[in-house]
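Protein chains in written order, with my numbering: chain A, 1 to 174; chain B, 1 to 200. We put the CB at the ideal spot given by N, CA and C, even for glycine. Here is the structure we will look at, set down as C-alpha cells.
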C-alpha cells in the first residue's frame, strides 16, 4: 500500500481496514507527512468544548433588555422626526396662504365664499342644460331607435363582462 | 412533541422565559464555536451573545422541522465568518511576530475557572492550528470535530453543498497536517537547542 493511498484515506478521515491499519503502522515511522496527519487527526478527536464565564444567560437577558430599550427610543425619536418633518413641510406649503390670511383675513374670506358660490352656480347651470338636451333629444329619436341602441349597449356590456372574467381567471396564481 | 420543541414554540410566541431556557441549553456549543472561530474569549462572548440576539429576532423564520442546534450554530458561524472578513480581528497566537514562543502569565484576579481552562496547552495549540485555516474551512472543522456534525449538517449550517464540505474538510486536514508537521519540527529543533544557540 503506497503513501498516496494512505494519505488520501487519512485526509478523508475514512475508516481503515485491519490490513490498511497494519500498512499504516509500517508506513508511519518513515513518513513525517502521514505521521503529522495522524497526530493532528488524533488531537482533533480529543478536543474540549470551551465554556463561557458563568452568568451568560443573565448577561444575555440584560443585553436583550438594553436592545429593546434602544429600539423603543429609536421608534420614539423616528416618529418625532417624521411628525416634525411633516408638520414643517405642511407649514412651508401653507405659508403663502397663511401669510395672506394673517395680513388680510377679510379678503381671503371673500375669495373663498365667491369660489364656493361660483362652483355651485356652475353645477346648477350644467344640470339645467342637461335636462333641456334630454327633453329635446327624446322628441327627435323614435322609440325603435332607443330600443335598438339600448339592446346594442347591453350586448356590448355583457361581452366586456365575460371577457374581463376570462382574463381574471387566467391571471390567478396556481 | 419533545420538550425542546415546546420551549421553541413558546419562545416563538414571545415567551422570554422559554428563550432564556434555550440560551442556557445552547450557550456552551455556541460559545465554543465562536471561541474556536475568533480565538479570543472576549470576542467569543460578544459573538455568542450577538448570535443569540439574532436567533431571537429571527425566531419566527425558524422551521420547527429543522434541527434547532444546527440552525443556531449556522447563525453563529455566519456571524463569526462575517466578523473575521470585515474586521480582520487579531487572533490569539502562541508565538510573537518573530516566531518566538510567548510566555503566558496568568492574571488570577481576572480569569474565571472556566476561562482558565481555555489556556491549557492542548487548547492553545489547537487554537493556533485553527487560525491557519480560512474562515469557512475553520468553521467546517469546528462543526465536524467539536460539534460532531455530519457533512449534511455542516452543509446546511454553512450554506454550501455536501461535496464542497467534503473538499473543504479534505483541504483543511491537509493544511492542519502541514502546520502540525512544521510545529513538530520546530519543537524537536528547540529540544536539540534548549538555549537557542545553533549547534555548528
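Where residue i and residue j are concerned, what is the direct C-alpha to C-alpha distance, given to the nearest angstrom?
i, j, result
"residue 70 of chain A", "residue 17 of chain B", "21 Å"
"residue 69 of chain B", "residue 58 of chain A", "20 Å"
"residue 111 of chain A", "residue 121 of chain A", "15 Å"
"residue 8 of chain A", "residue 21 of chain A", "14 Å"
"residue 73 of chain A", "residue 82 of chain A", "14 Å"
"residue 140 of chain A", "residue 158 of chain A", "28 Å"
"residue 101 of chain B", "residue 68 of chain A", "Residue placement at residue 101 of chain B is flagged as unreliable, the pLDDT there being 42, under the threshold of 50; a coordinate-derived value is accordingly withheld."
"residue 111 of chain B", "residue 53 of chain A", "Reliability of the predicted coordinates at residue 111 of chain B is poor, the pLDDT of 33 falling under 50, and no value is obtained from them."
"residue 186 of chain B", "residue 179 of chain B", "10 Å"
"residue 155 of chain A", "residue 162 of chain A", "11 Å"
"residue 151 of chain A", "residue 84 of chain A", "59 Å"
"residue 27 of chain B", "residue 38 of chain A", "31 Å"
"residue 144 of chain A", "residue 131 of chain A", "22 Å"
"residue 15 of chain A", "residue 177 of chain B", "18 Å"
Note down, in chain order, each residue of its chain lying with its Cβ closer than 8 Å to the Cβ of residue i, except the 5 sequence neighbours on either side.
i, result
"residue 168 of chain B", "136, 137, 140, 160"
"residue 30 of chain B", "48, 51, 52, 72, 73, 76"
"residue 3 of chain A", "27, 31, 33, 34"
"residue 48 of chain A", "none"
Please check the pair residue i and residue j, which I expect to be a contact at CB under 8 Å, by giving their CB distance rounded to whole angstroms.
i, j, result
"residue 33 of chain B", "residue 76 of chain B", "5 Å"
"residue 10 of chain A", "residue 34 of chain A", "6 Å"
"residue 181 of chain B", "residue 36 of chain A", "4 Å"
"residue 36 of chain B", "residue 133 of chain B", "Not confirmed; about 10 Å, so no contact."
"residue 155 of chain B", "residue 165 of chain B", "5 Å"
"residue 12 of chain A", "residue 19 of chain B", "Between residue 19 of chain B and residue 12 of chain A the Cβ distance is about 40 Å, and since that is not below 8 Å, they are no contact."
"residue 145 of chain B", "residue 44 of chain A", "4 Å"
What are the boundary residues of the alpha helix (DSSP H) that residue i is part of?
i, result
"residue 128 of chain A", "105-140"
"residue 145 of chain B", "135-145"
"residue 132 of chain B", "It is not in any alpha helix (DSSP H) - residue 132 of chain B carries neither H nor E in the DSSP assignment."
"residue 72 of chain B", "68-87"
"residue 49 of chain B", "41-57"
"residue 49 of chain A", "Here residue 49 of chain A belongs to no alpha helix (DSSP H), and DSSP marks it neither H nor E."
"residue 155 of chain B", "151-158"
"residue 17 of chain B", "16-38"
"residue 25 of chain A", "18-27"
"residue 6 of chain A", "3-11"
"residue 12 of chain B", "3-12"
Quick one: is residue i buried, meaning 16 or more other Cβ sit within 10 Å of its Cβ, or exposed?
i, result
"residue 128 of chain A", "exposed"
"residue 143 of chain B", "buried"
"residue 74 of chain B", "buried"
"residue 75 of chain A", "exposed"
"residue 89 of chain A", "exposed"
"residue 157 of chain B", "buried"
"residue 148 of chain A", "exposed"
"residue 166 of chain A", "exposed"
"residue 79 of chain A", "exposed"
"residue 153 of chain B", "buried"
CB-CB under 7 Å to residue i, same chain, minus the five flanking residues each way: which ones, in chain order?
i, result
"residue 101 of chain A", "108"
"residue 59 of chain B", "11, 12"
"residue 5 of chain B", "64"
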